Every structure is written in C-alpha cells, then in structure tokens.
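Just so you know, our numbering puts 500 at position 142 of the sequence shown, and the rest follows in order with no gaps.
For every residue, glycine included, the Cβ atom is placed at its ideal position computed from N, Cα and C.
Quick caveat: nothing in here was measured; it's all calculated off a predicted structure.
Structure, as structure tokens:
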Amino acid sequence: MAFVDLYLKPWAIGIVMALLIFLVGRMLAGYLTRAVTRILERSHIEPMLVRFLSTVLHTVLLIVVGLAAIDRLGVPVTSLLAIVGAAGLAVALALKDSLANFAAGVMIVVFRPFKIGDFINASGVVGVVDEIGMFATFMHTPDNQRIIVPNSTIINGTITNANALPTRRIDLVISISYEDNIGDARNIITEVVRADQRVLNTPQFGIGVLELTDTSVKLFVQPWVLTEDYGSTRSDLIERIKSSLEANGIRNPQQTVYMHTLDKP
C-alpha cells in the first residue's frame with residue numbers, strides 16, 4: 359500500500375491532470391483561434407493572411423498546451439526543450455528546402471505581392487492564383503492546367519502581377535504599306551479607339567510612327583483601360599482597327615518574294 363500511495367497514486371493523478379489540461383487547453387485553443395479569426399475577418403484583412411495567422415496561432419497554442427500537460431507529469435520541460443531543440447536542428451537541416459518554402463510563404467503573406475485571383479508571372483510560371491499555402495502556391499493556366507509552385511521559387515524570382523494596379527495600357531503595333539497615307543491611317547485608328555467606351559480618357563492614348571521597315575510603316579497604338587477590361591478590349595480593338603482600315607482601302611502589307619531560275623549552261 360505504501361508503494362501505491364507513494365508512487366502510483368501521484369502518477370495516476372498526474373496523468374489525469376495532464377489529460378485534463380490537454381483536453382481543456384485544446385478546446386480553449388480552438389475557441390480562441392476561432393474568435394481571433396472572426397475578429398480578423400471583420401477587420402477586412404486579406405483572407406490568405408487570416409488563414410495563415412489562424413494556423414500559426416492554433417499551432418503555437420497547442421504547443422503551449424502540450425508543454426503544460428507534460429510539465430504536470432513531472433517531466434522537466436527545460437530538458438525536454440533542449441532535446442527538442444537538438445532534434446529540431448537535425449530536422450531543419452534535413453528539411454531545409456521545405457523550411458525555405460515555409461519562410462517564403464511567410465514573406466508572401468506579409469508583403470502580399472499578389473492575392474488570390476490575380477494573374478501573375480512568377481519566375482516564368484504564368485497563371486491565376488487559386489491558393490497560397492504554407493509551402494506552395496497553387497495556380498491554374500489560361501487553358502485550365504493546374505500548377506503547383508514552391509513558394510521559394512516564387513519569392514526568389516521576379517513577380518509580374520497583371521492585376522496589381524487599377525489600369526493597364528494596351529500596346530498594339532499596326533503595319534501599313536508605304537503607299538498608304540500615314541495621316542489617314544492614324545485618323546481611322548483614332549476614331550475606332552475613341553468609339554470604344556472602355557478606353558479611358560486619362561491618360562490619353564498614344565498613336566504615332568514606331569519604325570520604318572523594309573516592307574511597311576509600323577504605327578504604335580497605346581490606349582489605357584481598366585485592368586479587368588484589358589483582354590476583351592485588346593481583342594476587340596485589333597478586330598475593329600483591321601476592319602476599318604480595310605474598309606478604307608488600307609491593308610496589311612505582305613512581303614512578296616520573287617524567284618528567278620537560271621538555265622543550266
């Protein structure tokens with residue numbers, strides 16, 4: 359009985375208390391995480407940042423609860439932390455690429471170079487952002503292919519975000535022949551561009567001679583539109599400019615190649 363009273367009962371009580379601490383602590387961690395998540399959502403913070411912060415908070419709270427439960431068992435937490443630290447160093451060396459992706463994910467969330475729904479070019483990978491994870495970013499291409507890009511690849515390269523600014527400039531190059539009048543072509547193109555309600559008045563669109571080639575005169579046309587109108591406006595302008603130029607007798611010049619054959623002597 360002395361053995362039971364001296365050793366087993368304290369251990370049993372310690373185990374029960376540790377389980378209670380863990381179960382109650384886990385419940386409180388979940389409740390606190392949900393409460394903080396709701397507060398962040400009402401603050402109109404970026405959804406991906408809310409998810410990331412909620413995940414980190416929940417993980418940290420569970421670690422604290424676990425340490426409290428272990429401490430109640432009588433296990434020296436300081437010694438345990440030293441062991442975990444040494445093991446963590448070994449794991450960190452083995453998983454350095456994964457940790458680099460995690461760190462890059464933190465940078466993406468903090469600096470927010472793009473958000474879900476943006477069309478980006480990240481280190482040569484082009485697509486629409488679907489999800490920003492802790493280790494990788496999920497995208498889909500314009501032809502609906504799934505792309506999973508490691509976060510470190512994105513953060514260590516150049517990021518071009520087509521949706522970052524409210525307006526974009528459309529850059530078109532229109533070729534006419536040397537026989538056609540540049541002024542007439544410019545007036546026709548200007549009329550087509552100004553007739554499109556999606557083209558912004560400010561900044562003013564640009565039009566002029568870009569260069570003279572061996573076979574044609576190249577004109578640049580640079581109207582400004584809202585970012586969401588970029589693709590449709592660009593396509594429509596190309597079609598309408600071509601039709602209007604042809605209707606006025608101005609056609610896209612074609613290069614003609616003449617071949618002369620020589621009779622064998």
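- Burial check for I466: the Cβ neighbour count within 10 Å reaches 16 or more, so the residue is buried.
- Of L411, T585, L577, the smallest CA-CA separation from I596 is found for L577.
- Under the DSSP definition of a beta bridge, S533 partners with K576.
- Under a 10 Å Cβ-count criterion, F477 is classified as buried, with 16 or more other Cβ atoms of the shown protein chains found around its own Cβ.
- In this structure, A387 sits near L420, with a CB-CB distance shorter than 8 Å.
- By the neighbour-count definition (other C-beta atoms within 10 Å, threshold 16), Y588 is a buried residue.
- Taking the Cβ atoms as the reference, V408 lies roughly 11 Å from L415, outside the contact range of under 8 Å.
- Here S510 is buried. Its C-beta has 16 or more other C-beta atoms within 10 Å.
- Within the same chain, Cβ atoms closer than 8 Å to the Cβ of I474 are found at P405, M406, V487, D488, E489, I490, the five residues on either side in sequence being excluded.
- R526 is bridged by DSSP to V583.
- With distances taken between CA atoms, I403 lies nearest to R470 out of V575, L457, R470, A480.
- Burial check for L431: the Cβ neighbour count within 10 Å stays below 16, so the residue is exposed.
- In the DSSP annotation of this structure, the continuous segment of the beta strand (DSSP E) that includes R504 starts and ends at 504–508.
- Contact check for I534 against V575 passes: the beta carbons are separated by less than 8 Å.
- Around the Cβ of G607, a 10 Å sphere holds fewer than 16 other Cβ atoms; the residue is exposed.
- For L568, no alpha helix (DSSP H) run applies; the uninterrupted beta strand (DSSP E) run containing it begins and ends at 564–570, by DSSP.
- By the beta-carbon neighbour count (other beta carbons within 10 angstroms, threshold 16), N559 is exposed.
- In this structure, DSSP gives N519 an extended state, which the three-state scheme calls strand.
- DSSP places D488 in the strand class (E or B) of the three-state scheme.
- Here R592 has I528 as same chain residues with Cβ atoms under 6 Å from its own Cβ, once five neighbours each way along the sequence are excluded.
- Contact between I599 and I532 holds, with the beta-carbon distance rounding to 6 Å and staying under 8 Å.
- For the options R396, I428, S412, V418, the alpha carbon positioned closest to that of M375 is the one of I428.
- M385 counts as exposed, since fewer than 16 other beta carbons sit within 10 angstroms of its beta carbon.
- In this structure I546 is in contact with L603, their Cβ atoms being roughly 6 Å apart against a cut-off of 8 Å.
- Here the C-alpha atom of D501 lies approximately 13 Å from the C-alpha atom of V483.
- For the pair R556 and V583, the CB atoms are nearer than the 8 Å cut-off.
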